[in-house]
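Per numbering that gives the first Met the number 0, residue 0 is the first one in the sequence shown, and the count goes up by one each step. A virtual CB, placed ideally from N, CA and C, is assigned to each residue, including glycine. Working notes, beginning with the structure itself.
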Amino acid sequence: MKILSKLKVYVAIIGLIICSVKSFAQTDPHFSQYYAYPLWLNPALTGVIDGDYRASANFKQQWGALNSSFLTAGASYDMAPKKNFAFGATILNQRAGELDFNYLTALVSGSYRLRFGFEGLQMI
Numbered sequence: 000m001k002i003l004s005k006l007k008v009y010v011a012i013i014g015l016i017i018c019s020v021k022s023f024a025q026t027d028p029h030f031s032q033y034y035a036y037p038l039w040l041n042p043a044l045t046g047v048i049d050g051d052y053r054a055s056a057n058f059k060q061q062w063g064a065l066n067s068s069f070l071t072a073g074a075s076y077d078m079a080p081k082k083n084f085a086f087g088a089t090i091l092n093q094r095a096g097e098l099d100f101n102y103l104t105a106l107v108s109g110s111y112r113l114r115f116g117f118e119g120l121q122m123i
């Protein structure tokens, strides 16, 4: 009998833990021009640019007819100050409707590039 009551307590505790964990399954941002936000698309694209630096920004407002629409905004910057090294940073903010849900994240990325080929146009 004691084993059964202990089992009930353990099951209840595990159930509370599972139910109390926050779920961010619906916070995956989707932009219409996803290619214009390369560091969010793939952080490995840091420094894969023709120039010395790249800055990009994206904004999306979904369901604008609602009182509090869903807003997603992001900005990124990356540069290659040395021949083979590059680094970048990206910021993403999401705000969801009348629930006042806000998700803000900032990420940094770095890369080391290996150029090969006849003109050095290929990178790893």
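Alpha-carbon to alpha-carbon, residue j and residue i
i           : j           : result
residue 28  : residue 35  : 14 Å
residue 41  : residue 102 : 19 Å
residue 78  : residue 105 : 17 Å
residue 81  : residue 88  : 17 Å
residue 115 : residue 33  : 28 Å
residue 113 : residue 53  : 19 Å
residue 6   : residue 17  : 16 Å
residue 111 : residue 13  : 44 Å
Residue i vs residue j beta-carbon contact at 7 Å
i          : j           : result
residue 56 : residue 85  : no
residue 97 : residue 68  : no
residue 92 : residue 64  : no
residue 45 : residue 108 : yes
residue 59 : residue 30  : yes
Beta-ladder partner(s) of residue i, from DSSP
i          : result
residue 55 : 75
residue 92 : 72 and 103
residue 85 : 110
residue 32 : Answer is none; residue 32 lacks a bridge partner.
Any non-hydrogen atom of the ligand NAP closer than 6 Å to residue i Cβ
i          : result
residue 91 : Although the ligand NAP was asked about, the structure shown includes no ligands whatsoever.
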